[in-house]
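Enquirer:
Protein chains: 2
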Amino acid sequence: MTSRLFHFQAGDQGLWKIREVRNGVGAGLPHAPRLNVSEAPPGTPGTWSLRGIRSHERYTTTPEHDQLAARQEGLGRADSTCAALIPIRKSEAWWQLSQDRRRAIFEEQSHHTSIGLRYLPAIARRLYHCRDLGPEEPFDFLTWFEFRPDHEEAFDLLLNELRASPEWRYVVREVDIRLERPLPVDNPQIPNP
Amino acid sequence: MTSRLFHFQAGDQGLWKIREVRNGVGAGLPHAPRLNVSEAPPGTPGTWSLRGIRSHERYTTTPEHDQLAARQEGLGRADSTCAALIPIRKSEAWWQLSQDRRRAIFEEQSHHTSIGLRYLPAIARRLYHCRDLGPEEPFDFLTWFEFRPDHEEAFDLLLNELRASPEWRYVVREVDIRLERPLPVDNPQIPNP
């Protein structure tokens with residue numbers, strides 16, 4: 013079985029340079045020089061540390077899944093030297109909704125999947141879940157995106173579309189952390205979690 | 013915020029007497045005299061220990077939710093001196109299905125909610141999730157049921173119906189642990205997690 017739990021620690025170490033921490037909704041996160049992403053729990057404390065688990069699909073239908081699978085590319089593409097880590101927490105009102113209402117807001121009203129689909133394969137995306145790791149997690153999800161530097165403008169458009177959607181009325185905390193790494197000249201092995 | 017994470021430890025202590033451990037599908041669990049259910053992590057090791065987190069609804073539609081809410085009663089009813097803890101693990105094939113396929117198997121094909129509804133309010137039920145607590149959990153869910161001794165036959169019928177359903181083809185591990193506690197004569201406070 014592949015690894016499911018990943019740790020994201022900000023501090024002095026890590027492949028990714030933290031270019032900017034854009035504190036959006038709710039409590040922010042402090043800046044740090046680097047971000048380390050690993051399957052192993054951090055051995056030393058950093059500026060902050062988040063964790064998330066890969067899990068099954070929550071809203072996607074089979075036709076949507078198949079469309080996404082046909083167009084998306086994996087993480088770790090050599091020229092995708094830009095990334096964004098966007099931790100998100102939704103309100104209790106969201107979690108109290110039944111599955112059909114959450115799905116309707118997510119897709120029929122907010123077009124979450126169909127918006128994301130338009131930016132594939134340029135913007136590679138992965139979702140990590142936090143909410144059910146325990147009762148004290150600060151975020152519900154960690155969203156992770158990878159793209160080429162010349163696609164950052166498209167990525168910002170994607171975020172604008174999602175943030176203007178009805179789904180985002182339920183977002184009570186969001187931090188937008190922009191990252192970059194060097195092109196893999198000396199070290200062609202990019203971790204691909 | 014109410015507590016979400018609960019620990020179920022078998023050993024020498026606990027309100028509930030373990031009457032029988034019926035090992036069903038996959039690896040079983042050993043017998044022990046008592047079961048302790050608590051929000052605090054166990055301080056000492058027991059015969060075995062499981063944990064689960066209360067979470068949002070996964071498949072229920074709003075009309076189904078409203079029907080359940082109108083008929084169900086909470087845990088801790090004084091005369092519900094029987095309980096069952098049934099930990100369940102589903103296959104990777106289940107978790108790889110998209111949401112619409114899992115929902116269709118769960119309800120349209122297996123009638124999970126509508127079967128449960130017919131046994132309300134006699135059989136009180138609560139679901140704890142394990143799968144996203146971490147990558148090493150032995151079960152995906154802990155299901156918990158409480159009922160009067162004269163409703164145990166009905167409870168067995170409920171289980172027979174569910175176990176005969178298409179959903180159960182995806183169950184790769186299941187243990188059925190039957191429990192009892194005394195009527196609260198001396199101590200009318202029954203824990204109601």
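As they're listed, the protein sequences go chains A and B.
Just so we're aligned, residue 13 is where the first sequence starts under our numbering, counting upward by one.
Just so we're aligned, residue 13 is where the second sequence starts under our numbering, counting upward by one.
Note that CB positions come from ideal geometry on N, CA and C, so glycine has one too.
1. Can you find at least 3 beta carbon pairs, one from the segment 70 to 83 of chain A and one from the segment 128 to 148 of chain A, that sit closer than 8 Å?
2. Below 8 Å on the Cβ atoms is my guess for arginine 160/B versus aspartate 112/B; work out the distance and round it to an integer in Å.
3. Which residue comes first and which comes last in the beta strand (DSSP E) that contains glutamate 165/B?
4. Answer yes or no: does any C-beta atom of chain A fall closer than 9 Å to that of tryptophan 28/B?
5. Check whether the Cβ atoms of serine 103/B and valine 184/B lie closer than 9 Å to each other.
6. Would you call the segment 54 to 68 of chain A and the segment 163 to 174 of chain A in contact, with 3 or more CB pairs under 8 Å?
7. Would you say isoleucine 117/B reaches chain A, if we count a Cβ-Cβ gap shorter than 9 Å as a contact?
8. Cβ of isoleucine 100/A within 9 Å of Cβ of glutamate 32/A?
9. Against arginine 130/B, what residues of chain A qualify as contacts under a CB-to-CB distance less than 8 Å, listed in chain order?
10. List, in order along the chain, the chain B residues whose C-beta lies closer than 9 Å to that of glycine 38/A?
11. Of all the CB atoms in chain B, is at least one closer than 9 Å to the CB of leucine 109/A?
12. Counting only beta-carbon atoms, is glycine 86/B nearer than 9 Å to chain A?
13. Is the Cβ of proline 147/B closer than 9 Å to any Cβ of chain A?
14. Helix, strand or coil for histidine 68/B per DSSP?
15. Using CA coordinates, which residue listed in Glu192/A, Asp188/A, Trp28/A and Leu174/A is at the minimum distance from glutamine 121/A?
16. How should histidine 141/B be labelled, buried or exposed, when 16 other C-beta atoms within 10 angstroms of its C-beta is the threshold for buried?
17. Looking only at its chain, what residues have a beta carbon closer than 7 Å to the beta carbon of aspartate 188/B, apart from the 5 residues adjacent to it on each side?
18. Rank Glu149/B, Ala22/B, Phe118/B and Glu69/B by C-alpha distance to the C-alpha of glycine 58/B and give the top, closest one.
Expert: With the structure as the only source:
1. The segment 70 to 83 of chain A vs the segment 128 to 148 of chain A: in contact.
2. Reading the second sequence from its first residue, position 148 is the one you call residue 160/B. Reading the second sequence from its first residue, position 100 is the one you call residue 112/B. The Cβ separation is near 38 Å, so there is no contact.
3. As a first step, residue 165/B must be located in the second sequence, where it is residue number 153. Glutamate 165/B -> not in any beta strand (DSSP E); alpha helix (DSSP H) instead, spanning 164 to 175.
4. Numbered from its first residue, the second sequence carries residue 28/B at position 16. Tryptophan 28/B does not count as touching chain A.
5. Translated into positions along the second sequence, residue 103/B becomes position 91. Translated into positions along the second sequence, residue 184/B becomes position 172. Taking C-beta atoms as the reference points, serine 103/B and valine 184/B count as a pair closer than 9 Å.
6. no
7. Here the question's residue 117/B lines up with position 105 in the second sequence. Chain A, which has no Cβ nearer than 9 Å to the Cβ of isoleucine 117/B, makes this no.
8. Along the first sequence, read from residue 1 onward, the residue named residue 100/A stands at position 88. Along the first sequence, read from residue 1 onward, the residue named residue 32/A stands at position 20. Contact flag unset, no.
9. Within the second sequence, residue 130/B is the residue found at index 118, counting from 1. Those within 8 Å of arginine 130/B in chain A number zero; the least Cβ separation is about 20 Å.
10. As a working mapping, residue 38/A is identified with position 26 in the first sequence. Near glycine 38/A there are no residues of chain B at all, since even the closest Cβ is about 16 Å away, more than 9 Å.
11. The residue given as residue 109/A occupies position 97 in the first sequence. For leucine 109/A, the answer is yes, since a Cβ of chain B falls inside 9 Å of its Cβ.
12. Start at 1 with the first residue of the second sequence, and residue 86/B comes out as number 74. Cβ-Cβ to chain A under 9 Å: no for glycine 86/B.
13. The count along the second sequence starts at 1 and reaches residue 147/B at position 135. At least one chain A Cβ lies under 9 Å of proline 147/B.
14. Numbered from its first residue, the second sequence carries residue 68/B at position 56. Coil.
15. Numbered from its first residue, the first sequence carries residue 121/A at position 109. Cα-wise, what sits closest to glutamine 121/A is Leu174/A.
16. By 1-based counting over the second sequence, the position of residue 141/B is 129. By the beta-carbon neighbour count (other beta carbons within 10 angstroms, threshold 16), histidine 141/B is buried.
17. Numbered from its first residue, the second sequence carries residue 188/B at position 176. Answer for aspartate 188/B: Arg34, Gly36, Ala96 and Ile98, listed in chain order.
18. In the second sequence, the residue the question calls residue 58/B occupies position 46. It is Ala22/B.
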